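Those sequence lines, one after another, are chains A and B.
Heads up: the first sequence begins at 97 in the numbering used here, then just goes up one per residue.
Heads up: the second sequence begins at 97 in the numbering used here, then just goes up one per residue.
2 protein chains.
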Amino acid sequence: MPENAETEAKEQPRRRQARGERRIAQLLEAAATVFTTTGYTAASTNAIAREAGVSPGTLYQFFPNKEAIAIELGGRLVHEMQTAYGEALAPVDPATPLEEVVGAAVDRFMAFNCDHPVFFALMHGPDIPGRMAEDHDALHTGLVNRLETLMTSLLPEAPQADVTRTAHMVLGLYKAGLELVLAHEGAEREAYIREVKNVLVRYLDPLVGDRLGRSGSTATP
Amino acid sequence: MPENAETEAKEQPRRRQARGERRIAQLLEAAATVFTTTGYTAASTNAIAREAGVSPGTLYQFFPNKEAIAIELGGRLVHEMQTAYGEALAPVDPATPLEEVVGAAVDRFMAFNCDHPVFFALMHGPDIPGRMAEDHDALHTGLVNRLETLMTSLLPEAPQADVTRTAHMVLGLYKAGLELVLAHEGAEREAYIREVKNVLVRYLDPLVGDRLGRSGSTATP
DNA sequence: TGGAAACGCGAGCGATCTCTCGTGTTTTCC
DNA sequence: GGAAAACACGAGAGATCGCTCGCGTTTCCA
Numbered sequence: 097m098p099e100n101a102e103t104e105a106k107e108q109p110r111r112r113q114a115r116g117e118r119r120i121a122q123l124l125e126a127a128a129t130v131f132t133t134t135g136y137t138a139a140s141t142n143a144i145a146r147e148a149g150v151s152p153g154t155l156y157q158f159f160p161n162k163e164a165i166a167i168e169l170g171g172r173l174v175h176e177m178q179t180a181y182g183e184a185l186a187p188v189d190p191a192t193p194l195e196e197v198v199g200a201a202v203d204r205f206m207a208f209n210c211d212h213p214v215f216f217a218l219m220h221g222p223d224i225p226g227r228m229a230e231d232h233d234a235l236h237t238g239l240v241n242r243l244e245t246l247m248t249s250l251l252p253e254a255p256q257a258d259v260t261r262t263a264h265m266v267l268g269l270y271k272a273g274l275e276l277v278l279a280h281e282g283a284e285r286e287a288y289i290r291e292v293k294n295v296l297v298r299y300l301d302p303l304v305g306d307r308l309g310r311s312g313s314t315a316t317p
Numbered sequence: 097m098p099e100n101a102e103t104e105a106k107e108q109p110r111r112r113q114a115r116g117e118r119r120i121a122q123l124l125e126a127a128a129t130v131f132t133t134t135g136y137t138a139a140s141t142n143a144i145a146r147e148a149g150v151s152p153g154t155l156y157q158f159f160p161n162k163e164a165i166a167i168e169l170g171g172r173l174v175h176e177m178q179t180a181y182g183e184a185l186a187p188v189d190p191a192t193p194l195e196e197v198v199g200a201a202v203d204r205f206m207a208f209n210c211d212h213p214v215f216f217a218l219m220h221g222p223d224i225p226g227r228m229a230e231d232h233d234a235l236h237t238g239l240v241n242r243l244e245t246l247m248t249s250l251l252p253e254a255p256q257a258d259v260t261r262t263a264h265m266v267l268g269l270y271k272a273g274l275e276l277v278l279a280h281e282g283a284e285r286e287a288y289i290r291e292v293k294n295v296l297v298r299y300l301d302p303l304v305g306d307r308l309g310r311s312g313s314t315a316t317p
């Protein structure tokens, strides 16, 4: 390594031109479609470059390796997602009906995931790279924590282990519903979204339904 | 079927010795552990052979290619599974409480899947080979059909599309729960199994609860 | 306007994986 | 006992994929 006395920083910020930024966006978009259709491991960097209409060498001008593409793509989506669930899972007025809370949250997340199907493909595959799994875990535990605090505020007397377990269940159920939702379109997709809400409401209703002595299971019309 | 498979000329029936059958079982067991830990695509045939303590050449003495290993392994599991759910989802006395029906079915399937974790790995990965996907779809639609007939017998007046959708939901919810169950052990695993039952019972109860005027936990007009 | 740096190309290197082949060993059957 | 068939081995052929390298082109800036 006969390089200069510059501080050996891991990141040597390369000055990008507008052309480069455009190429990066192009490549990430191409990677999203290839990842969505074939999954991460099966997606070849040459295929991503071909999809973007550039040469393999050009791809490696902007990304050091295949993993970095998924990292960058996932990072941007996680950032978007966090702002989305920051609003969707914000502390809620305890008087709000459960249907409303669940319905609003599910609508938000479903809209996001339907707009960015690659997110599900990247987060769900068993073949995600190491650094990617960290991001996934971070997002996952972040969501679980939000759910936990939300539920603890509604059920202060419930054991912590039960709250955690229920939070994991809720997330797992949502993921299962998401898979079915993404597999359908139009009216059928809407119907599945309604079913996901039904599942979550009916699962959570007996837990939070009789807080404060309110025994009603479903709001009687 | 001793030796009369000659109607299909494609297969030249190779006469197996007891040693060969033992090797096949050995190889399938090794493949199960490798598939479970690394997934299908990431599992190398050399790794399977090494796990079984034989050479790569020996492996290909019994299986024409990597896919055939998964096919054979999956086929045997599907066969076992079908006898299992043939009993678990048998036509049920309409008077049986929902909790019992769901509880018994979930217990059976969970026991099977916990005994054979490779089944989940093979059926859930996005990287399954073509022929394998057919088996998966066959089992999947078989299960959905069973659920549909079971539910139609309880809800004769429900639209077919709703029944189908609910059946898919039930299967998806079970899969989501299975993933969580497999990720835990001991008492926590048992707790998750209970939660899966809770989810399914609470989801289905409003649908079948008020058949024949029997008012379940919830009574919706 | 000229030089440096960013951009772009595509053949191909090295690693890895599936599967084959030639050879030697064990089992079966007459 | 001996031939044929099944079993076993492991080096390596053939293919794929991630990634590199040398060189030509475009853009930026003094």
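Even for Gly, the Cβ is constructed at its ideal location relative to N, Cα and C.
In this text, all values refer to a predicted model and were calculated from it rather than measured experimentally.
Closest Cα partner of F215 of chain B within the set B:L296, B:L123 and B:A128: Ranking the options by Cα distance to F215 of chain B, first place goes to B:A128.
What's the call for T179 of chain B, buried or exposed, on a 16-neighbour Cβ count within 10 Å? By the neighbour-count definition (other C-beta atoms within 10 Å, threshold 16), T179 of chain B is an exposed residue.
If contact means a Cβ-Cβ distance below 7 Å, which residues of the region 131–158 of chain B contact chain A? Residues of the region 131–158 of chain B with a Cβ closer than 7 Å to any Cβ of chain A, in chain order: G135, T137 and A138.
Does chain B have any CB closer than 8 Å to the CB of E286 of chain A? Not closer than 8 Å to any Cβ of chain B, the Cβ of E286 of chain A fails to qualify, so no.
With 16 as the cutoff for other CB atoms within 10 Å, does A229 of chain B come out buried or exposed? Its Cβ having fewer than 16 others within 10 Å, A229 of chain B is exposed.
Note down the Cα distance separating A315 of chain A from T192 of chain B, rounded to an integer number of angstroms. Caution applies to A315 of chain A, whose pLDDT of 39 falls short of 50 and renders its modelled position unreliable; the value that the coordinates give is listed next. Taking the straight line joining both Cα atoms gives about 28 Å.
Considering just the uninterrupted stretch of the alpha helix (DSSP H) at T245 of chain A, what are its terminal residues? Its alpha helix (DSSP H) spans residues G226 to L250.
Pick from A:T133, A:L155 and A:A201 that is closest to M326 of chain A, judged by C-alpha positions: This structure leaves residue 326 of chain A out entirely; chain A is present only between 97 and 317.
Where L269 of chain A meets chain B, residues with beta-carbon distance less than 7 Å: Those within 7 Å of L269 of chain A in chain B are L269, A272 and V295.
Tell me the rounded alpha-carbon separation between A139 of chain B and L218 of chain A. The alpha-carbon of A139 of chain B is positioned some 20 Å away from that of L218 of chain A.
In the DSSP assignment, the alpha helix (DSSP H) including T262 of chain B goes from what residue to what residue? For T262 of chain B, the enclosing alpha helix (DSSP H) stretches over residues Q256 to L278.
Buried or exposed (CB count within 10 angstroms, at least 16 for buried), N209 of chain B: Per the 10 Å Cβ criterion, buried.
Which residues, in order along the region 243–264 of chain B, keep a beta-carbon less than 9 Å from a beta-carbon of chain A? Going along the region 243–264 of chain B in chain order, one finds A257, D258, R261, T262 and H264 with a Cβ nearer than 9 Å to chain A.
For F216 of chain B and chain A, any beta-carbon pair shorter than 8 Å? F216 of chain B does not count as touching chain A.
E291 of chain A, DSSP secondary structure in three states: Helix, per DSSP.
For L239 of chain A, go through chain B and note every residue whose CB falls closer than 7 Å to its CB, in chain order. Those within 7 Å of L239 of chain A in chain B number zero; the least Cβ separation is about 15 Å.
Under DSSP, the alpha helix (DSSP H) around Q178 of chain B begins and ends at which residues? Annotation: the continuous alpha helix (DSSP H) that includes Q178 of chain B extends over K162 to A184.
So, is the C-beta of P302 of chain B closer than 8 Å to a C-beta in chain A? Yes - at least one Cβ of chain A is within 8 Å of the one on P302 of chain B.
Are G273 of chain A and V292 of chain A closer than 8 Å when you measure CB to CB? In this structure, V292 of chain A lies closer than 8 Å to G273 of chain A by Cβ.
Apart from the five residues just before and just after G171 of chain A, which ones in its own chain have a Cβ nearer than 7 Å to its Cβ? Contacts found: D231.
Beta-carbon of E163 of chain B versus every beta-carbon of chain A: anything under 8 Å? Not flagged as an interface residue toward chain A: E163 of chain B, since no C-beta distance is shorter than 8 Å.
With a cut-off of 8 Å on the beta carbons, I'd call A156 of chain B and R298 of chain A a contact; round off their distance for me. It is Tyr, not Ala, that sits at residue 156 of chain B in the sequence shown. R298 of chain A and Y156 of chain B do not touch by the CB rule: their CB atoms are close to 52 Å apart, not below 8 Å.
Skipping 5 residues on each side, what residues in its chain have a beta carbon closer than 8 Å to that of R310 of chain B? With a pLDDT of 45 at R310 of chain B, under the threshold of 50, the predicted position of this residue should be treated as unreliable, and no value is reported.
Local conformation of V188 of chain B per DSSP, three classes: Under the three-state reduction of DSSP, V188 of chain B is assigned to coil, being neither helix nor strand.
Would a C-beta distance cut-off of 8 Å place Y136 of chain B and D223 of chain B closer than the cut-off? For Y136 of chain B and D223 of chain B, yes; Cβs fall inside 8 Å.
Using the Cβ count rule (16 or more neighbours within 10 Å means buried), how would you classify D301 of chain A? When all chains shown are included, D301 of chain A counts as buried.
Tell me, please, whether the CB atom of Y299 of chain B is closer than 8 Å to any CB atom in chain A? At least one C-beta of chain A is nearer than 8 Å to the C-beta of Y299 of chain B.
Figure out for me which residue from B:Q256, B:E125, B:A121 and B:V295 has the closest Cα to the Cα of P213 of chain B. Looking at the Cα atoms, B:E125 is the closest of the given residues.
Determine the chain A residues that contact L276 of chain B at a beta-carbon separation under 8 Å, and present them in chain order. Within chain A, the C-beta atoms nearer than 8 Å to that of L276 of chain B come from H264, M265 and G268, in chain order.
Less than 7 Å separating the Cβ of F205 of chain B from some heavy atom of the ligand PLP? In terms of ligand content, the structure shown is empty, and the ligand PLP therefore cannot be addressed.
For E291 of chain A and chain B, any beta-carbon pair shorter than 8 Å? At least one CB atom of chain B sits nearer than 8 Å to the CB of E291 of chain A.
Pick out whichever of A:A143, A:V130, A:R146 and A:F158 has its Cα sitting closest to the Cα of R118 of chain A. Here the closest residue by C-alpha is A:F158.
Same chain only: Cβ atoms within 8 Å of R204 of chain A, ignoring 5 sequence neighbours per side: Cβ neighbours of R204 of chain A beyond the five flanking positions: A180, Y181, E183 and A184.
Counting C-beta neighbours from all protein chains within 10 Å, is the total for T262 of chain A 16 or more, i.e. buried, or is it exposed? It is buried - the Cβ of T262 of chain A has at least 16 other Cβ atoms within 10 Å.
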